[in-house]
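Student: One structure is given below, represented as C-alpha cells, and several questions about it will come after.
Listed below in C-alpha cells is the structure:
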C-alpha cells in the first residue's frame with residue numbers, strides 16, 4: 001500500500017516526529033511504500049543539517065537522511081514554512097528537498113493513506 | 001525595576017515570542033531595565049539568521065536584533081537546546097549570543113522579576 | 001495517476017487563530033488544494049470556530065489579520081464550510097458572529113460527514 | 001550582586017515525559033541551579049507527576065530514559081520535591097508508584113507554598 | 001502573586017490548574033486564554049467564581065485580535081502591554097501556567 | 001475510520017473532541033494519550049464508554065516508555081508500530097486529532 005506522511009512538529013520538542021519515523025520504518029519493513037514525507041509548520045526544522053544532539057541521544061535529522069537514502073524516500077520540506085523558520089538549501093540535510101505545498105496535496109491524492117503526526 | 005525574560009517557543013509557530021517582545025518593548029518604554037532575555041527549548045529558533053518571513057508579515061528575528069541594538073539587550077540562547085535544534089554561530093542573528101543555562105539561573109537571581117513566555 | 005483523480009479532502013480546524021500558526025498555515029494548504037481540483041470540505045470545531053469570528057483586529061499584537069481570506073474562499077470554489085454546533089454553543093457564538101456562510105452540523109452529523117471522506121487533515 | 005544572594009526558586013513541572021521535551025530540559029535547568037547554591041524546590045502537578053513514575057522503559061520509542069536522574073537529585077542537594085495530591089489521585093497514582101521520596105501536598109497547601117517563592121519557573 | 005495563563009480554557013487544563021491551586025492575588029489572561037473571559041464561553045463560570053478571591057485582568061490587544069473586545073464579561077479589567085508590565089512590577093512573584 | 005489521539009486526556013481536549021464526534025470505527029491512543037487507558041486515570045470512564053461503539057488500541061512502546069504497561073485497562077489492545085501500520089492499512093481513512 002502507498003502511504004504519505006505529514007509531520008507538523010520539530011525535532012526533540014515534540015514526540016510527533018519520533019512516532020512518525022518509527023511508523024515509517026515499520027511500514028517499510030512490512031513492504032509498504034512511503035510515497036512522500038512532507039514536513040510542514042515547525043516540522044520543517046527536522047531538515048536542519050546543523051542539529052547536534054548529545055552523544056547519548058538519537059540523531060533525528062540524520063535518522064531521516066539515512067532512511068531516505070536506504071529506501072529512496074522523498075522527503076519534502078514546505079518552502080513557505082521553511083523560509084519563515086530559517087531552513088534554506090544552505091542548512092538542508094541530505095535527502096531532503098524544499099518544495100511547495102502542492103506536493104502535500106499531490107501526495108494526498110496519489111497515496112492510499114495519508115497519516116498526520118503533530119501537536 | 002530589573003526584568004529577566006524566558007522564552008520557550010520558536011517564532012511564528014506560537015504567539016509566545018510575540019507577546020514577550022511586546023512586553024519587553026513596553027517595559028523599556030516605562031524605563032525598566034531588561035537584564036537578559038533567555039531563549040530555551042524551541043525558543044532558540046528565534047535567533048536564526050536564516051528566517052525570511054513573507055513581506056507582509058512581521059520579522060520576528062530582526063525585531064529582536066533591532067531591539068537588542070537599540071537598548072543594549074543581552075539576548076542569550078541556551079547552547080544545549082541550540083545544538084539540538086541546529087542553531088550555531090554560523091546562523092546566529094546579530095545581537096544574540098550562545099551560552100549556558102547558568103545564564104538563566106543567574107538572570108533569575110539578579111533580576112527583580114523573571115517572566116516566562118511559552119506553550 | 002493524480003491526473004483526473006478527485007478525492008474528498010477534509011481539513012479539520014480545531015485551534016484558535018493567533019495563539020498558534022496552525023490556522024494560518026492550514027488556510028495556505030486549503031488554497032493550494034483548490035488548484036488541484038479536489039473536492040474540498042473545511043470543518044471548524046472546538047476553538048477552530050474562533051477562526052471565523054467577525055471583527056478581528058490584530059494591529060495591537062503586530063500580527064497579520066488573515067481572517068479576510070475566509071471570505072475569499074468562495075472565489076477559489078471552496079464552498080463547503082461546516083461548523084460543529086456544540087462547539088459554537090460552548091463558546092457563546094452563533095452563525096451571525098461568523099465572517100462567512102457556513103453549514104452548522106450537530107456532532108453526530110459531523111462524525112458521519114467525516115466518514116465519507118478520503119483524506120482528513122487536522123490542524 | 002548575585003554573589004551570595006540566595007533566592008527561593010520553584011520549578012513547576014506540569015507536563016508528561018517524552019510527549020514533549022519540557023520535562024527533560026526542565027531537569028537540565030534544575031541541575032544547573034544547584035551549582036548556584038540557590039534554595040530550590042521542585043513541584044510536580046497535573047501530568048508532571050508522570051515524570052516520577054517508576055518503571056519507565058524507553059527503548060521501544062528510541063528515546064533516552066532520563067527518569068534515573070530524579071534519583072540523582074539528592075546528590076545535588078536538591079531535596080525539596082513536592083507533588084500535588086489531587087493530581088496524583090486523578091491519575092490513579094500513589095507515592096509508592098514514584099521513583100523518589102516526595103512530600104505530597106493538597107492543592108491549597110501547594111498554592112501557599114508557591115506564594116513563599118521568589119522565582120517560579122513553569123515547564 | 002500574579003498568575004499568567006495563555007491557553008484556551010476549553011483546549012487545555014492550564015486555567016483549571018491555576019484556579020485550583022492559586023491562593024488569591026491576580027490572574028492575567030493573555031493570548032488564547034482571553035476567550036475564558038468572554039460572554040457565553042463555557043469557562044466564564046470559573047472566572048466569575050475566581051473573581052471572589054482574585055483580581056482578573058485580560059490583555060486587551062489579544063481580545064481585539066480575536067474580535068472579542070465587545071464580549072468581555074463585567075468585572076474583568078482589560079490592560080495593554082504597559083498594564084501587563086505594571087502587574088508584573090506590582091506583584092513580587094509571578095507564574096506563567098504553561 | 002481510524003481515529004488517532006496523541007494528547008493526554010487530562011491536559012487537552014483532543015480525546016473529548018474525538019469521542020464526541022466519532023461514529024464507530026477504531027481509536028488508537030499514542031504518545032501522551034496512552035495514559036487515558038490506564039487504571040485509575042480520570043479519563044478511563046470515557047474510554048470504557050467508547051468501547052461500546054469502537055475498538056480501542058494503545059501504542060505499546062509509548063505505554064512502556066511511561067512505565068504504565070502493567071496498568072492497561074481490560075478490553076484495550078496494545079499494538080506495536082507494525083500494528084499501528086496495520087490499523088492504518090485496515091481503515092480506508094484516518095484522522096489525527098491534534
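Protein chains in written order, with my numbering: chain A, 1 to 119; chain B, 1 to 119; chain C, 1 to 123; chain D, 1 to 123; chain E, 1 to 98; chain F, 1 to 98. Glycine included, each C-beta is placed from N, C-alpha and C at the ideal position.
1. Which residues in chain A sit within 7 Å of residue 52 (chain B), going by Cβ to Cβ distance?
2. Would you call residue 111 (chain A) buried or exposed, if buried means 16 or more other Cβ atoms sit within 10 Å of its Cβ?
3. So which of F:14, F:26, F:73 has the shortest CA-CA distance to residue 91 (chain F)?
4. When you compare the CB of residue 25 (chain B) with every CB in chain E, is at least one pair closer than 9 Å?
5. Can you tell me the Cα-Cα spacing of residue 21 (chain D) and residue 51 (chain F), whole angstroms?
6. Going by alpha carbons, who is nearest to residue 108 (chain B) out of D:76, D:15, D:121?
7. Span of the alpha helix (DSSP H) holding residue 64 (chain C)?
8. Kindly say whether residue 51 (chain D), judged by its beta-carbon, lies nearer than 9 Å to any beta-carbon of chain B.
9. So, helix, strand or coil for residue 87 (chain C), using DSSP?
10. Nearest to residue 97 (chain C) by CA position, among C:50, C:40, C:25, is which residue?
11. Going residue by residue through the segment 10-79 of chain F, where are the continuous alpha helix (DSSP H) segments of at least 4 residues, counting only ones entirely within it?
12. Count the C-beta pairs between the segment 49-58 of chain A and the segment 62-76 of chain F that are closer than 8 Å, then say yes if the count reaches three, no if not.
13. Should residue 1 (chain D) be labelled buried (16 or more other beta-carbon atoms within 10 Å of its own) or exposed?
14. Within 10 angstroms of its Cβ, does residue 152 (chain C) collect 16 or more other Cβ (buried), or is it exposed?
15. Once DSSP output is grouped into helix, strand and coil, what is the label at residue 123 (chain C)?
16. Going by beta-carbon coordinates alone, are residue 117 (chain B) and residue 96 (chain E) separated by less than 9 Å?
17. Given a cut-off of 9 Å on the beta-carbon distance, is the pair residue 14 (chain F) and residue 32 (chain A) in contact?
18. Using the rule of at least 16 other Cβ atoms within 10 Å of the residue's Cβ for burial, across every protein chain shown, is residue 100 (chain B) buried or exposed?
19. Can you tell which of E:18, E:93, E:60, E:69 has the C-alpha that lies nearest to the C-alpha of residue 47 (chain E)?
20. Report the neighbours of residue 111 (chain C) on chain F: residues whose CB is nearer than 9 Å to its CB, in chain order.
21. In this structure, does DSSP put residue 21 (chain D) in helix, strand or coil?
22. Beta-carbon of residue 41 (chain B) versus every beta-carbon of chain C: anything under 9 Å?
23. State buried or exposed for residue 93 (chain E), treating a residue as buried only when at least 16 other CB atoms are found within 10 Å of its CB.
24. Could you have a look at residue 6 (chain F) and say whether DSSP puts it in helix, strand or coil?
25. Would you call the CB atoms of residue 18 (chain C) and residue 15 (chain B) closer than 9 Å?
26. For residue 53 (chain E), return the contacting residues in chain C, with the cut-off set at a CB-CB distance below 9 Å.
27. Which stretch, first to last residue, makes up the beta strand (DSSP E) that contains residue 41 (chain C)?
28. Mind checking if residue 45 (chain F) is an interface residue toward chain E, Cβ cutoff 9 Å exclusive?
29. Who are the near neighbours of residue 16 (chain D) in its chain, counting only those whose CB is closer than 8 Å to its CB and skipping five residues on each side?
30. Would you mind telling me which residues of chain A sit closer than 9 Å to residue 35 (chain C), beta carbon to beta carbon, in chain order?
31. What is the DSSP secondary structure of residue 60 (chain A), reduced to helix, strand or coil?
32. Use the C-beta contact count for residue 35 (chain D): other C-beta atoms within 10 angstroms, 16 or more gives buried, fewer gives exposed.
33. Let me see if you follow: with CB-CB separation under 9 Å, is residue 56 (chain C) close to chain E or not?
34. What do you reckon, are the CB atoms on residue 114 (chain B) and residue 78 (chain B) nearer than 9 Å?
35. Name, please, each residue of chain B whose Cβ falls closer than 9 Å to the Cβ of residue 38 (chain D).
36. Quick check: what's the CA-CA separation for residue 111 (chain D) versus residue 91 (chain D)?
Tutor: According to the data block:
1. 83
2. buried
3. F:26
4. Taking Cβ atoms only, chain E reaches closer than 9 Å to residue 25 (chain B), which makes this a yes.
5. 31 Å
6. D:121
7. Run containing residue 64 (chain C): none; DSSP gives neither H nor E here.
8. Output row for residue 51 (chain D): interface = no.
9. helix
10. Closest option to residue 97 (chain C), Cα to Cα, is C:50.
11. Those alpha helix (DSSP H) runs which fall completely within the segment 10-79 of chain F and span 4+ residues are 14-21, 44-50, 60-65.
12. no
13. Confidence at residue 1 (chain D) is low in this model, with a pLDDT of 46, below 50, so its placement is unreliable and the value that follows should be read with caution. Residue 1 (chain D) is exposed by the Cβ-count criterion.
14. The structure shown does not extend to residue 152 (chain C), since chain C spans only 1 to 123, so no value can be given for it.
15. coil
16. yes
17. no
18. exposed
19. E:18
20. Under the 9 Å cutoff, chain F gives 20, 21, 22, 23, 24.
21. Look at residue 21 (chain D) here: in three-state DSSP terms it is coil, with no helix or strand label.
22. No, residue 41 (chain B) lies away from the interface with chain C (no Cβ there is under 9 Å from its Cβ).
23. buried
24. coil
25. yes
26. Those within 9 Å of residue 53 (chain E) in chain C number zero; the least Cβ separation is about 24 Å.
27. 39-44
28. At a cut-off of 9 Å, the C-beta of residue 45 (chain F) has no neighbouring C-beta in chain E.
29. 23, 47, 48, 50, 51
30. 102, 105
31. Assigned with DSSP and collapsed to three states, residue 60 (chain A) falls in helix.
32. exposed
33. yes
34. no
35. 105, 108, 109
36. 20 Å
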